[in-house]
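So the sequence lines, in the order shown, correspond to chains C and Y. The opening residue of the first sequence carries number 1 in my numbering; numbering runs sequentially from there. The opening residue of the second sequence carries number 93 in my numbering; numbering runs sequentially from there. Every residue, glycine too, gets a C-beta built ideally from N, C-alpha and C. From a predicted model like this one, the values you see are computed outputs, not experimental measurements. Accompanying notes for the structure given below.
2 protein chains.
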Amino acid sequence: MNDAFKALSDPSRRKILNLLKKNELSAGEIADHFNMTKPSISHHLNLLKQANLVDSEKKGQQIIYSINTSVFEDVVTWFMDFLTKEEKGQMK
Amino acid sequence: MNDAFKALSDPSRRKILNLLKKNELSAGEIADHFNMTKPSISHHLNLLKQANLVDSEKKGQQIIYSINTSVFEDVVTWFMDFLTKEEKGQMK
DNA sequence: TATGTATTTAGATATTTATCTAAATATCTA
DNA sequence: TAGATATTTAGATAAATATCTAAATACATA
């Protein structure tokens with residue numbers, strides 16, 4: 001999950017995830033939303049993939065990226081723990 | 093919320109949050125759980141505070157740190173959006 | 001097969017970040 | 001008030017990261 005937290009720390013990568021929330025997109029379509037070279041976007045996509053936050057599938061000469069929810073579930077669980085257990089801890 | 097995501101990207105800082113989940117602790121007590129100098133811990137605590145992930149209160153010569161849940165709620169909301177809206181997006 | 005399009009890989013560079021040591025500040029207490 | 005304890009601030013350094021340009025790879029099609 002460390003890779004996921006690291007991947008999530010960059011605003012551009014969170015923007016990519018937000019784009020993919022609506023539709024799956026090719027690498028090029030994603031790049032069109034940024035003021036950044038394609039190699040830079042490719043690098044970000046790679047980190048998101050390493051972190052299992054996105055999946056990719058080759059389709060002809062394009063690579064289609066989509067959200068992978070599995071790690072999101074883990075991360076939400078990690079956070080929920082803070083919202084539910086805090087009170088409990090205080091009554092030691 | 094960007095500061096929060098950045099703060100959460102470091103394993104030591106996440107460990108600090110986990111420690112505070114159980115009890116509030118002084119800076120020194122937190123440092124005792126790490127193989128790291130106190131100034132380094134102080135730096136991490138500062139980033140957590142900037143991100144509103146922890147609160148601090150001076151108590152004599154100690155500074156007591158505790159979880160601040162407000163931003164956690166925002167972050168969980170951000171994540172939940174991925175888990176609930178993904179299907180919807182596909183039926184464009 | 002030659003050319004164009006989509007994407008990634010490689011290598012360089014500038015910025016950010018984590019960490020350290022030394023010094024400063026604040027508070028307590030003898 | 002002098003000394004001890006808790007914590008932070010300042011400044012330095014090494015490692016990590018984001019970004020770029022140039023080149024490589026993969027696929028489609030004329």
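Buried versus exposed call for residue i [16 or more other C-beta atoms within 10 Å across all chains shown]
i	result
Glu116 of chain Y	buried
Ser132 of chain Y	exposed
Gln182 of chain Y	With a pLDDT of 42 at Gln182 of chain Y, under the threshold of 50, the predicted position of this residue should be treated as unreliable, though the coordinate-derived value follows. By the 10 Å Cβ count, Gln182 of chain Y comes out exposed.
Best match in the options for proximity to residue i [C-alpha to C-alpha]
i	options	result
Phe97 of chain Y	C:Leu8, C:Ala4 and C:Asp3	C:Leu8
Glu73 of chain C	Y:Thr176, Y:Val146 and Y:Arg105	Y:Thr176
Asp81 of chain C	Y:Met93, Y:Arg106, Y:Gln154 and Y:Phe174	Y:Arg106
Leu20 of chain C	C:Gln62, C:Leu53 and C:Asn46	C:Leu53
Trp170 of chain Y	C:Ser12, C:Trp78 and C:Asn18	C:Asn18
Asp32 of chain C	C:Val75, C:Ala51, C:Ser12 and C:Met1	C:Ser12
Gln154 of chain Y	Y:Val163, Y:Gly120, Y:Leu137 and Y:Asp102	Y:Gly120
Ser26 of chain C	C:Ser56, C:Asn2 and C:Gln50	C:Ser56
Asn127 of chain Y	Y:Ser162, Y:Gly152, Y:Ile108 and Y:Val167	Y:Ile108
Ile122 of chain Y	Y:Asp102, Y:Ser158 and Y:Asn94	Y:Ser158
Val167 of chain Y	Y:Ile156, Y:His135, Y:Lys150 and Y:Ala143	Y:Ala143
Ser162 of chain Y	Y:Lys151, Y:Ile156 and Y:Leu140	Y:Leu140
Leu95 of chain Y	C:Asp10, C:Leu45, C:Ser42 and C:Lys58	Checking the displayed sequence, the identity of residue 95 of chain Y turns out to be Asp instead of Leu. Of C:Asp10, C:Leu45, C:Ser42 and C:Lys58, the residue nearest in Cα terms is C:Asp10.
Ser134 of chain Y	Y:Gly152, Y:Met93 and Y:Ile156	Y:Ile156
Asn160 of chain Y	Y:Lys151, Y:Leu137 and Y:Thr129	Y:Leu137
Residue interval of the alpha helix (DSSP H) (run including residue i)
i	result
Asp95 of chain Y	Asn94 to Leu100
Cβ-heavy atom distance, residue i to the ligand GTP, below 6 Å
i	result
Lys114 of chain Y	With respect to small molecules bound, the structure shown includes none, and the ligand GTP cannot be examined in it.
Any chance you could list the beta strand (DSSP E) runs of at least 3 consecutive residues sitting entirely within the region 108 to 171 of chain Y, in chain order?
146 to 151 and 154 to 159
Chain Y contacts made by the region 21 to 46 of chain C, where a contact means CB separation under 9 Å
Lys21, Lys22, Asn23 and Glu24
Relative to chain Y, which residues along the region 52 to 85 of chain C have a C-beta separation below 8 Å, given in chain order?
Ile67, Thr69, Phe72, Glu73, Val75, Val76, Phe79, Met80, Asp81, Phe82, Leu83 and Lys85
Along the region 4 to 18 of chain C, where does the CB come closer than 9 Å to a CB of chain Y? Name the residues.
Phe5, Lys6, Ala7, Leu8, Ser9, Asp10, Pro11, Arg14, Leu17 and Asn18
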